[in-house]
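Taking it in order: structure first as structure tokens, then the write-up.
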Amino acid sequence: MTIMHHLDESTIVSFAAGSLPAAFAIVASGHIDHCACCRDKVARAQRLGGAILDSVEPVALSQGAANNLLERLEADDRKLKASKTSVQASAGADGDVIPAAVRRLLDVPFSDIRWKKAGRGISTCQIDLGEKAASKLFLMKIAAGSAVPEHGHTGHEVTLILSGAYNDQCGRFARWDVADLDPDVEHQPIVEDSADCICLVAVERPARFKGLLPRLFQPMVGI
Ligand SMILES: [Zn+2]
């Protein structure tokens, strides 16, 4: 199996700096754990970040600024721990594979997930990251042969393919590929006929579907 689609450079740099929102850090780590190419890039970015910090002259911080920095460092540390959570794959009862970090967040075995049907062969399961999370994380299951309505994005969106495969304007996406999409990308994934496609998706803000029917359908999808 060859990974064909990788994380965007800006996502790699943010991941290396520990500044990705939680949902994106979880999706990115799911890909990085299976992609030597992106793992190398993260390591390079971390070395570069360390070198830049070493070259900066120290400056005195006011008490408020120091407290803010400490809070930020503690938050980064928590994010880093979340992103370093092992995402070693293991087969569920039905042979599907999801990252271990996601299984822990789900609190139920993969086979017991309560999928929320959204019509057109699409089901979703939102994963709770806490009320204050700025990003949303959810599993999406698209039935074999189904098409997701064409849509653009009002914010950053990263999708990790866990099983099955789909094709869109950017090519074919199969297990451990990521679609790391900027807001200006509009696409219409069509799942291959051989199997359902299960993805792990991180979004900043709701996706923006085109056309009246897809817009009516959007609240049902819940993204
Ligand atoms: Zn990669």
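Numbering-wise (the numbering used here), the sequence shown opens with residue 14 and increments by one.
All C-beta atoms in this analysis are idealised placements derived from N, C-alpha and C, irrespective of residue type, glycine included.
Quick caveat, the model's predicted, so the values are computed rather than measured.
Query raised in the report: Using the C-alpha atoms, what's the distance from V191 back to D197?
Result: Computed Cα separation, rounded: 17 Å.
Query raised in the report: Hey, would you say the C-beta of I45 is under 8 Å away from at least one heavy atom of ligand 1?
Result: yes
Query raised in the report: What do you reckon, is the C-beta of C183 under 8 Å from a heavy atom of ligand 1?
Result: no
Requested in this report: On a CA-only basis, which of L213, K130, E170 and R52 is nearest H200? Give me that one, please.
Outcome: E170
Query raised in the report: For C50, is the beta carbon positioned less than 8 Å from some heavy atom of ligand 1?
Result: yes
Query raised in the report: Taking three-plus beta-carbon pairs below 8 Å as touching, is the segment 121-139 in contact with the segment 179-193?
Result: no
Requested in this report: Answer yes if the segment 140-158 comes into contact with the segment 207-216, meaning at least three C-beta pairs across the two stretches below 8 Å, and no otherwise.
Outcome: yes
Query - Pair within 9 Å by beta-carbon distance, A30 and A58 - result: Between A30 and A58, the C-beta spacing is below 9 Å.
Query raised in the report: How long is the line joining the alpha carbons of S124 and I111, rounded to whole angstroms?
Result: Roughly 11 Å separates the two Cα atoms.
Requested in this report: Tell me whether C48 sits in a helix, a strand or coil according to DSSP, three-state version.
Outcome: coil
Requested in this report: Taking 9 Å as the cut-off, decide whether the C-beta atoms of L150 and L194 are in contact.
Outcome: The answer is no: Cβ separation not under 9 Å.
**Report entry** Identity of the residue in A36, D21, F28 and P162 nearest E144 by Cα
**Finding:** A36
Query - Cutoff 7 Å; reference G62; Cβ partners in own chain excluding five residues on either side - result: A29 and A30
Query raised in the report: With DSSP run on the structure shown, which of helix, strand or coil describes L33?
Result: coil
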